[in-house]
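Okay, structure first, notes after.
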């Protein structure tokens with residue numbers, strides 16, 4: 019019961035955009051699809067949607083390979099936003115709803131609800147081209163969800179939104195997910211991904227680098243991060259093997275701890291050097307994992 | 458899925474200013490055509506030579522009587538008046554012409570006739586004077602040869618050639634009325650031009666519609682939801698419906714005005730008026746058929762053309778190539794006019810690129826063999842399917858390509874792939 023991407027490869031002339039990529043998105047999950055610019059995220063999304071066909075490999079949903087364009091199955095927000103500039107806001111949403119198989123009256127009803135929810139009421143009869151970029155993006159995002167698709171694929175849904183709308187969109191996505199729908203989204207904001215995704219896939223240069231449950235990934239990284247702040251000799255750590263400085267901040271020092279180092283040993287050494295005000299073992303942030311994994315390959 | 462797309466493409470344009478303006482302008486043209494006969498009649502009066510008042514300078518004074526005779530017999534003193542400049546030299550005579558505000562001074566020295574006038578570019582005046590001189594010359598010559606009036610009539614007798622169109626099934630044939638034929642020629646020109654205009658206008662609309670979808674980046678959302686072929690046909694059908702509506706309004710206006718004109722309110726019929734007033738129903742049906750077939754054939758090509766560019770501004774470059782082909786068809790029709798059953802015309806009426814225009818013209822002008830008509834329509838139908846298939850492949854790949862316009866070689870690769 020899941021979306022399975024297996025051994026998918028796509029080449030454009032001499033460039034291999036996606037290279038035997040496999041991962042599984044369990045049904046009903048909120049899935050973060052990550053990767054640096056040009057990693058092949060958009061190409062992969064397009065292959066999932068059936069916009070382009072993979073050269074090799076397959077994409078299946080619930081065990082079946084679906085023909086192109088199963089009506090209403092997907093909602094898709096591409097990275098390049100676009101709407102018909104001359105259409106009116108409400109008319110456009112009704113059109114998108116009907117396109118995805120809703121009846122006209124159904125589409126109208128849902129359009130009204132969403133317009134209220136996203137506070138677009140005063141613009142409802144305005145042409146798309148008269149709206150601000152942020153509002154256009156809201157309209158387009160609503161358009162992907164109007165028909166309550168089984169799989170929602172959003173490419174950078176938060177970029178360009180102000181904090182209020184970002185919070186609103188997060189809330190909406192979580193709601194959609196709680197209704198049992200699968201949500202896949204990409205983002206460059208790792209904190210947002212950490213906040214709402216259970217599972218992630220990280221790709222780089224068309225290949226899978228990491229995937230699975232985010233917490234498990236963090237645990238499996240094997241290395242832990244240690245934050246210490248103390249009053250006294252700040253260079254105490256140089257004597258401890260297996261400890262490397264990640265970041266030196268005003269409020270604390272952050273170290274990477276090799277697996278063979280005993281944190282208690284470190285604490286003892288630190289206490290000798292001065293008054294310890296903070297000693298904290300933390301999991302690496304997704305940001306750090308991202309930089310580390312992507313940096314490795316570069 | 459397609460009805461939603463058709464409706465969007467139709468509704469979003471039908472309410473737009475460009476469509477409404479062209480529809481109204483077209484209606485004005487059709488209304489204008491109704492008044493053309495009356496208008497032409499009015500303007501023609503301005504082209505007439507008007508009153509001729511000519512001073513004649515002739516040494517021998519032997520030709521002058523003939524001039525006077527013709528002017529009296531044919532036009533009367535009011536219209537044309539010749540005065541002999543007796544005993545004056547050229548300078549003095551011209552002085553009088555200027556003073557008395559006469560038409561000009563005619564210097565007669567057979568076979569040399571020269572008109573000195575201050576209004577030399579008045580062609581109507583010049584040709585009328587020439588006609589009078591020639592008639593007078595004929596009379597003078599006839600008298601010199603001793604021919605009677607009757608003998609002269611015999612000498613200048615004219616007949617018209619009657620033409621009878623004989624078919625294998627119709628041995629008696631049907632007489633071709635040259636008046637009627639020239640009327641159908643006018644009609645064919647007019648309707649041919651309408652088909653040409655429709656192909657250019659609505660074809661362009663399809664191409665720029667596709668390019669707009671690309672440049673506004675809605676395309677990716679659309680083809681994630683519907684098949685490219687559906688999207689393409691939705692647009693073609695939607696715009697085709699716009700075209701049908703527009704032409705129905707225009708032709709309806711024309712027919713309504715025709716009805717009004719039949720009451721004789723606007724004076725006599727001109728040739729065009731007459732031709733349009735008697736459009737046979739069959740011609741209208743052929744027009745509808747070839748309008749639609751031609752549109753569907755070219756529309757998918759225009760759609761593919763729109764799909765290979767990234768921005769609306771680039772559409773023209775691609776559209777120009779397609780327009781050239783349509784223009785070739787348009788001129789092929791013109792060439793066929795002089796002989797609608799020539800090998801050239803028959804061939805052009807079978808080739809799908811030119812057949813919508815050429816076959817239609819032939820149908821209006823003559824009775825092409827049924828086998829040719831049927832073949833033409835069938836070839837066109839097959840070509841529509843093949844063309845749509847090829848175009849949809851280009852379209853499918855083109856719609857997601859941005860940046861550089863693909864070269865012909867790349868387009869070829871899309872097709873093979």
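Chains as they are written, first to last, in the working numbering: chain A, 19 to 316; chain B, 458 to 874.
All C-beta atoms in this analysis are idealised placements derived from N, C-alpha and C, irrespective of residue type, glycine included.
What residues from chain B crowd round residue i, counting only those whose CB sits closer than 7 Å?
i: residue 103(A); result: 673
Between the C-alpha atoms of residue i and residue j, what's the straight-line distance to the nearest angstrom?
i: residue 549(B); j: residue 606(B); result: 38 Å
i: residue 269(A); j: residue 66(A); result: 45 Å
i: residue 35(A); j: residue 831(B); result: 51 Å
i: residue 186(A); j: residue 46(A); result: 20 Å
i: residue 618(B); j: residue 796(B); result: 18 Å
i: residue 526(B); j: residue 620(B); result: 39 Å
i: residue 482(B); j: residue 146(A); result: 29 Å
i: residue 886(B); j: residue 698(B); result: As shown, chain B starts at 458 and ends at 874. That puts residue 886(B) outside it, with no answer to give.
i: residue 277(A); j: residue 291(A); result: 23 Å
i: residue 856(B); j: residue 50(A); result: 28 Å
i: residue 806(B); j: residue 568(B); result: 53 Å
i: residue 225(A); j: residue 41(A); result: 11 Å
i: residue 126(A); j: residue 233(A); result: 41 Å
i: residue 22(A); j: residue 43(A); result: 6 Å
i: residue 552(B); j: residue 613(B); result: 40 Å
By the criterion of Cβ-Cβ separation under 7 Å, what are the contact partners of residue i in chain A?
i: residue 433(B); result: Shown here, chain B extends from 458 to 874; a query on residue 433(B) therefore has no answer.
i: residue 681(B); result: 67, 69, 92, 94
Beta-carbon of residue i versus every beta-carbon of chain A: anything under 9 Å?
i: residue 664(B); result: no
i: residue 678(B); result: yes
i: residue 777(B); result: no
i: residue 800(B); result: no
i: residue 805(B); result: no
i: residue 763(B); result: no
i: residue 849(B); result: no
i: residue 729(B); result: Interpretation of residue 729(B) is limited by its pLDDT of 48, a score under 50 that renders its predicted location unreliable; the figure taken from the coordinates is listed afterwards. It does not; no Cβ of chain A falls within 9 Å.
i: residue 771(B); result: no
i: residue 473(B); result: yes
i: residue 637(B); result: no
i: residue 744(B); result: no
Using a cut-off of 8 Å between C-beta atoms, extract the partners of residue i located in chain B.
i: residue 99(A); result: 674
Helix, strand or coil: how does DSSP classify residue i here?
i: residue 508(B); result: coil
i: residue 604(B); result: coil
i: residue 87(A); result: At residue 87(A), the pLDDT of 49 sits below 50, so the modelled position is not reliable; the number obtained from the coordinates is stated separately. Correct three-state label for residue 87(A): coil.
i: residue 214(A); result: helix
i: residue 71(A); result: coil
i: residue 283(A); result: helix
i: residue 736(B); result: coil
i: residue 59(A); result: helix
i: residue 515(B); result: strand
i: residue 848(B); result: helix
i: residue 173(A); result: strand
i: residue 28(A); result: strand
i: residue 270(A); result: coil
i: residue 685(B); result: helix
i: residue 777(B); result: helix
With a threshold of 9 Å between beta-carbons, can residue i be considered close to chain B, or not?
i: residue 69(A); result: yes
i: residue 161(A); result: yes
i: residue 94(A); result: yes
i: residue 64(A); result: yes
i: residue 89(A); result: yes
i: residue 158(A); result: yes
i: residue 303(A); result: no
Report yes if the C-beta of residue i is less than 8 Å from at least one heavy atom of the ligand NAD; otherwise report no.
i: residue 623(B); result: As for the ligand NAD, it is missing from this structure, which has no ligand bound.
Can you pull the chain A residues whose beta carbon is under 9 Å from the beta carbon of residue i, in chain order?
i: residue 857(B); result: 64, 69, 70
i: residue 785(B); result: Those do not exist, as residue 785(B) stays about 34 Å from chain A at its closest Cβ, beyond 9 Å.
Who are the neighbours of residue i on chain A, taking C-beta pairs under 8 Å?
i: residue 461(B); result: 113, 116, 117
i: residue 469(B); result: 102, 104, 105
Comparing the C-beta of residue i with each C-beta of chain C, is any distance below 9 Å?
i: residue 272(A); result: Structure shown: chain C not included; protein chains present are A and B.
Next item on the list: Compile a chain-ordered list of the residues in the region 689-722 of chain B whose CB is closer than 9 Å to at least one CB of chain A.
Entry: none
Margin query: At a CB distance below 7 Å, what residues from the region 114-130 of chain A approach chain B? Give them in sequence order.
Written below: 116, 117, 118
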